[in-house]
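Those letters in the sequence shown? Residues 484 to 709, per this note's numbering, in order.
Note that CB positions come from ideal geometry on N, CA and C, so glycine has one too.
To start, the structure under review is shown below, and the notes come after it.
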Amino acid sequence: MRKHFLSASALCLTLAALSPLASAHQQGDWIVRGGLTTVAPDESTSNIVAGGTDLGVALNIGNDTQLGLNVAYFVTDNINVELLAATPFKHDVTFSVADPLNTGNKLGEVTHLPPTLTVNYYFNDTSSAFQPYVGAGINYTFIFDEEFTSANETAGLSDLSLDNSFGLSAQLGMDYQIDTKWHINASIRFIDIDTEAKFNVGDATGKVDDIEIDPWVYTLSVGYTF
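In structure tokens, the structure reads:
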């Protein structure tokens with residue numbers, strides 16, 4: 484996290500030192516951006532419970548990078564409303580200890596989409612090509628295509644299901660205008676994603692009551708103003 488923040492800060496300082504090349508967004512503008520988005524969970528989970536027995540094992544959730552898309556409308560020169568979307572993120576889910584079920588270190592995979600609606604405030608006036616901003620918003624995460632590895636299915640695990648999630652989000656970002664239409668964008672966002680998991684263990688049931696995914700979301704993109 485600190486490494487990513489320092490890199491983003493260095494980029495912002497470099498761009499701020501450059502002379503403005505073009506005016507920035509104005510009231511009534513629409514912008515569309517596309518680029519790469521990385522979801523890096525800062526997860527914390529309760530232990531796996533199977534057949535009423537606490538296994539003493541929690542979960543880890545891996546990172547994933549996908550195509551990130553967003554659309555924003557400027558309500559004023561300094562405020563926009565932004566919708567974040569992306570192609571689906573797929574995350575490896577692993578055990579917090581090595582091979583506790585003799586089925587390998589990986590429990591399975593989950594896929595999600597985290598559309599996020601954000602209100603952003605831009606600090607500089609429209610004469611500046613460098614445009615830092617902060618934002619806050621709401622998120623609804625759709626979780627689907629949950630599956631165990633074949634080894635865990637052979638061991639009797641089945642029907643993995645995770646609840647969808649509703650939560651808050653916050654972000655820091657910057658735009659740099661290349662010309663009157665095109666700009667470069669970089670942002671870092673925190674999203675509150677909490678869920679729980681249920682599954683079957685043979686004829687019994689299993690669960691993980693508390694899964695706090697809470698990812699940091701890093702985006703680097705190119706935008707166009709309409």
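### Query
Is S648 helix, strand or coil when you go by DSSP?
When secondary structure is reduced to three states using DSSP, S648 falls in the strand class.
### Message
Assuming the contact rule is C-beta atoms closer than 8 Å, S648 and D677 should be a hit. Round their C-beta distance to whole Å, please.
### Response
6 Å
### Query
Taking Cβ to Cβ, would you say F557 is nearer than 8 Å to Q510?
Yes, they are a contact pair.
### Query
Counting along the chain, where does the beta strand (DSSP E) carrying A541 start and finish?
Neither: A541 is in no beta strand (DSSP E) and is coded neither H nor E.
### Task
Return the CA-CA distance between I531 and S579, expressed in angstroms with no decimal places.
10 Å
### Task
Measure from the alpha carbon of F606 to the alpha carbon of each residue in K664, I562, H595, then state which is nearest.
Closest option to F606, Cα to Cα, is I562.
### Query
Rounded C-beta distance between N694 and N622? I'm assuming under 8 Å.
Checking the sequence, you will find Ile at residue 694 rather than Asn. With a Cβ gap of about 15 Å, I694 and N622 do not count as contacting.
### Query
Between M657, S641, N553, which lies nearest to A533 when the distance is taken from Cα to Cα?
S641
### Task
Measure how close the beta-carbons of K589 and T577 come, nearest whole angstrom, since I'm counting them as under 8 Å.
The Cβ separation is near 5 Å, so the contact holds.
### Query
Taking the alpha-carbon positions, what's the T722 to L552 distance?
Residue numbering for the chain in the displayed model covers 484 to 709; residue 722 lies beyond these limits and cannot be assessed.
### Query
DSSP on T637, reduced to helix/strand/coil?
helix
### Task
For the beta strand (DSSP E) containing K573, list its first residue and its last residue.
572-578
### Query
Among P583, G517, E526, D512, which one has its Cα closest to the Cα of W699?
E526
### Query
By DSSP, does Q614 sit in helix, in strand, or in coil?
Note: Q614 maps to strand in three-state DSSP.
### Query
DSSP puts G591 in a beta bridge; with which residues?
V576, F631
### Query
Does the beta-carbon of Y701 have 16 or more other beta-carbons within 10 angstroms, so that it is buried, or is it exposed?
buried
### Query
At which residues does the beta strand (DSSP E) containing G685 begin and terminate?
In the DSSP assignment, G685 falls outside any beta strand (DSSP E), carrying neither H nor E.
### Classification of T637 by the beta-carbon crowding that lies within 10 angstroms, buried from 16 upward
exposed
#### Entry: Bounding residues of the beta strand (DSSP E) (the contiguous stretch that carries G551)
547-557
### Query
Expressed to the nearest angstrom, what Euclidean distance is found between the alpha-carbon atoms of G685 and A507?
60 Å
#### Entry: Per-residue DSSP class, three states only, for N603
In the structure shown, N603 sits in a strand (DSSP, three-state: E or B).
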